[in-house]
Every structure is written in structure tokens, then in C-alpha cells.
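Numbering of the sequence shown is given in the working numbering, commencing with residue 33 and proceeding in unit increments.
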Amino acid sequence: MLAIAVEESVNSGLVSHGDLVVITAGVPVGEAGTTNLMKIHVVGDILAKAQGIGRKSAYGRVVVAKNAQEAISKVKQGSILVTIGSDREMVPALEKCSALITEEGGLTSHAAVVGLNLGIPVIVGVENAMQLFEDGQEITVDSARGVIYKGHASVL
33 MLAIAVEESV NSGLVSHGDL VVITAGVPVG EAGTTNLMKI HVVGDILAKA
83 QGIGRKSAYG RVVVAKNAQE AISKVKQGSI LVTIGSDREM VPALEKCSAL
133 ITEEGGLTSH AAVVGLNLGI PVIVGVENAM QLFEDGQEIT VDSARGVIYK
183 GHASVL
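Right, here's the structure in full:
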């Protein structure tokens, strides 16, 4: 029901992809003063969900790298790095990143620990991330919710 309301709002031009909206509802329907549901919703296409590390978000262009050498050569300031996993050789590239996405999971993984130390949002355990994302693709990473959105999304 909420998805239909959001879809109709987009179709009518009231909201756009990337907008942050507050949805309210109540039972019984149509009776004033019965609001018992409030949901904050990001209007947008979800590309992936996994374990978020930290409470930050970032928007940027994807760089897909198989190893540290490739990451170091391709990453620019503000890039969002997508990789299988990270290690200490990758730290010079990670220092330039606005976010990190890895296929390897774990709250104590290298990616999780380094991401927290660098203060960047991290999403770990994204299945098939290396195939799911492409170089230059614009995405928003929301580590508080563990969600990756297509394009720019307004997240808290």
C-alpha cells in the first residue's frame, strides 16, 4: 500500500527519485487523529542491501577494482570503491574514497575496521558486487541502513 502511494506521488510529479519523504497513515482510515504510522522513505531504485558499517552516507562514481594495484591506479578523490575485499596494500586508495563496498562480509573485516578509522561509509557482504556495479556509475551509499541506491538519493 505504501509503495503504491510513493509510486503515484512520483507519477504525479509531487516527488522525484532521490527525494526523502515522510509517509503517515492511521487506522481506522479517513478518521482524524488516528495517525499511528510514520515512515521515512527514500524514493529511489535500490541496487543492493547488505551489512552497513557506520552511520554515514556518500554519493559518487563507482570504481571497480580486483586488487590493490588496480584500486590505486583507478581511484580518484571521492570515488566509491567496489572490490572483493580490502587489505593494507589498498589503504592508499581507500584514503581517497568517499565510500567502500565489498563482497566479503564481516563486522570485523579489514574493510569494516579501516572504513570506521577513515570515517567513510562501508557496506560489506554485497553479493556479486563486482558484477553488479560498473566503473563510472553514480550511486549513493547509506551505511546506516546498509542500502545502495542508483544515482543521487537524499538520505539522513
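Even glycine gets a Cβ: it sits at the ideal position worked out from N, Cα and C.
So Ser186 packs on Val74, CB below 8 Å; how close in whole Å? 7 Å
Based on Cα-Cα distance, which residue from Leu148, Leu132, Asp174 lies nearest to Met162? Leu132
By Cβ distance, which residues of its chain are closer than 7 Å to Lys81, with the 5 residues on each side in sequence left out? Gly178, Val179
Locate the alpha helix (DSSP H) running through Asn43, then write down its first and last residues. 34-43
Residue span of the beta strand (DSSP E) that contains Asn99, given as start and end: It is not in any beta strand (DSSP E) - Asn99 carries neither H nor E in the DSSP assignment.
Could you check which residue in Leu164, Glu159, Val158, Ser130 has the C-alpha nearest to that of Leu148? Ser130
Return the CA-CA distance between Gly117 and Val54, expressed in angstroms with no decimal places. 36 Å
Euclidean distance between Cα positions of Gly58 and Asn68: 5 Å
Let's see if you can read the secondary structure: which residues bound the beta strand (DSSP E) around Leu113? 112-115
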